[in-house]
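Written below as structure tokens is the structure these notes are about.
In my numbering, the protein residues as written are 2 to 169.
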């Protein structure tokens, strides 16, 4: 009985050892770059937009807090007052489309439109004008979503991280 028990324990140990060797090792994912305050707005969650060589980045974009009021500080320009949403920045030009009232699903929603679908799937150049057309088609009739066109005067952290050297 003891010999049989030892063989079972030995077999179990071998299975565990082989299983741990055969299991893939998962690397820790780096934290998303560029969180905090930039240009008087809170940013976070930066990622490339569409595909890894699009030249566009998307990130959460909202007003700063004012006292106990979340997002209560005025924006750096009046159009960004009471803003909470996402911004999509073209790292080649500094132009951006800011969408108040949308969340991370915006990437999938915009990428599924006729204006972006083939470019994203084919990993072709994505233009901000196509993003703007897609946003107007999806959200243009929605009274809650605001579409704001802006231009950054300095390279954003996300552009520096995802597309170094693209800023002009």
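Even for Gly, the Cβ is constructed at its ideal location relative to N, Cα and C.
In the DSSP assignment, residue 131 falls within the unbroken alpha helix (DSSP H) covering 129 to 140. Boundaries of the alpha helix (DSSP H) harbouring residue 159: 158 to 163, taken from the DSSP string. Burial check for residue 130: the Cβ neighbour count within 10 Å stays below 16, so the residue is exposed. For residue 147, the uninterrupted beta strand (DSSP E) segment begins and ends at 147 to 152. Secondary structure remark: continuous alpha helix (DSSP H) runs of at least 4 residues inside the region 28 to 106: none found.
Residue 58 and residue 68 have their C-alpha atoms roughly 30 Å apart. Taking each of 45, 44, 52, 46 in turn and checking the Cα distance to residue 118, the smallest one comes out for 52. Counting the other CB atoms within 10 Å of its CB gives residue 76 a total of 16 or more, which places it among the buried residues.
Straight across, the Cα-Cα distance linking residue 97 with residue 134 is about 13 Å.
For the pair residue 137 and residue 148, the CB atoms are nearer than the 8 Å cut-off. Two segments are said to touch when three or more pairs of C-beta atoms, one from each, lie closer than 8 Å; by this definition the region 106 to 113 does not touch the region 155 to 163. Within the same chain, and ignoring the five residues on either side of residue 54 in sequence, the residues whose Cβ sits closer than 7 Å to its Cβ are 124.
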